[in-house]
Amino acid sequence: MATLGMTLFHSTGSPFVRKVMLVLHETGQLEQVALHGVQLSPINPSAALNAGNPAGKLPALGLADGSVLHDSRVICDYLDQQHGSTPLIPRDGPSRWQRLTLASLADALMDAAVLIRYETFLRPADKRWDDWVQAQQGKIDRGLAQLEHEAASAPHGPFDIAAIGIVCLLGYLDFRQPQLGWRTRCPQLADWYAAVQERPSVQATQPSA
Ligand SMILES: N[C@@H](CCC(=O)N[C@@H](CS)C(=O)NCC(=O)O)C(=O)O
């Protein structure tokens with residue numbers, strides 16, 4: 000049974016918020032959550048968000064009892080335990096660790112992409128460090144190669160927490176790094192990504208500024 004009275008600190012550009020939105024859509028809990036829009040950056044934090052999440056990062060989920068959950072992994076895990084359908088996070092067995100590790104890879108690549116965004120958009124031009132950006136991009140390149148291998152070996156896996164993370168990563172790369180051209184390097188991943196675009200949850204959560 001879904002919990003009433005939740006508030007999600009939200010931004011349409013955040014790939015981590017999108018993970019939570021996809022879980023809400025896929026598990027039928029969207030109407031249980033009010034969205035509280037926040038525009039922030041590491042140097043322009045939100046006082047309302049900081050009050051419940053001292054790290055000042057999106058997403059955070061306020062519960063009816065006044066407590067606040069963060070980060071996206073914790074929130075997704077919580078929400079996945081509030082519904083009666085097939086879990087998005089396998090509860091046990093080898094698939095639990097395989098899918099959570101894949102989801103963790105997607106999270107790590109989103110971290111790298113978000114850090115690149117901050118370095119190239121927020122940081123003053125005279126303080127930018129190209130080698131550091133390249134090192135972050137290297138994580139993305141290596142991770143995409145791994146995801147292409149996964150897509151080739153298991154093209155029709157469940158639309159679970161790993162798939163959700165990968166959708167959020169690829170959507171964010173299209174949003175912030177349209178020049179990357181990952182589809183040329185990752186054709187099987189591109190086919191999988193094109194197929195999952197048909198899901199209403201994916202269509203309803205496209206990133207925007
Ligand atoms: N590990 C966190 C990462 C969240 C994150 O990096 N959120 C970004 C927005 S996409 C943020 O709030 N940045 C503000 C900051 O770093 O101060 C999660 O999974 O929720």
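Here numbering that gives the first Met the number 0 is used: position 140 in the sequence shown is 139, and no number is missing along the way. Quick reminder that beta carbons are idealized off the backbone N, C-alpha and C, glycines included. Source: prediction; values computed, not measured.
State yes or no: is the C-beta of S103 nearer than 7 Å to some heavy atom of ligand 1?
-> no
Please indicate yes or no: does the CB of S71 lie closer than 7 Å to some heavy atom of ligand 1?
-> yes
Which whole-angstrom value describes the C-beta separation of A111 and Q133, a residue pair presumed to lie in contact below a C-beta threshold of 8 Å?
-> Actually they do not touch by this definition, with Cβ atoms about 11 Å apart.
Spatial neighbours of L114 within its chain, please: CB distance less than 8 Å, with the 5 preceding and 5 following residues excluded, ordered by chain position.
-> Q135
Check whether G65 and P206 have beta carbons under 8 Å apart | no
Between which two residues does the alpha helix (DSSP H) carrying A193 extend?
-> 186-195
Rounded to whole angstroms, what's the CA-CA distance from N43 to S152? Just pull it up for me.
-> 43 Å
Out of curiosity, what's the CA-to-CA distance linking S84 and T26?
-> 7 Å
What do you get for Y192, buried or exposed, if any count of 16 or more other CB atoms within 10 angstroms of its CB means buried?
-> buried
Helix or strand or just coil, what does DSSP make of F15?
-> helix
Consider the C-beta atom of L283 and the heavy atoms of ligand 1; say whether any pair is separated by less than 7 Å.
-> The requested residue 283 does not occur in the structure, where the chain is confined to residues 0 to 208.
Under a three-way DSSP split, which group does V132 fall into?
-> helix
What is the rounded straight-line gap between the Cα of L108 and the Cα of L168?
-> 7 Å
Three-state secondary structure (DSSP) of G180 | coil
Using a Cβ-Cβ cut-off of 8 Å (strictly less than) and excluding sequence neighbours within five positions of C75, which residues of its own chain qualify?
-> K18, V19, V22, L87, I88, I160, I163
May I ask whether a heavy atom of ligand 1 can be found less than 7 Å away from the beta carbon of D106?
-> yes
Sub-8 Å separation of L48 and L39 beta-carbons = yes
Can you name the start and end residues of the alpha helix (DSSP H) that A107 belongs to?
-> 93-116
Just how far apart, CA to CA, sit V32 and A50?
-> 19 Å
Looking at the unbroken alpha helix (DSSP H) that takes in G51, where does it start and where does it end?
-> 46-51
Alpha-carbon to alpha-carbon, F120 and Q196 | 28 Å
For V73, is the classification buried or exposed, using 16 other Cβ atoms within 10 angstroms of its Cβ as the cut-off for buried?
-> exposed
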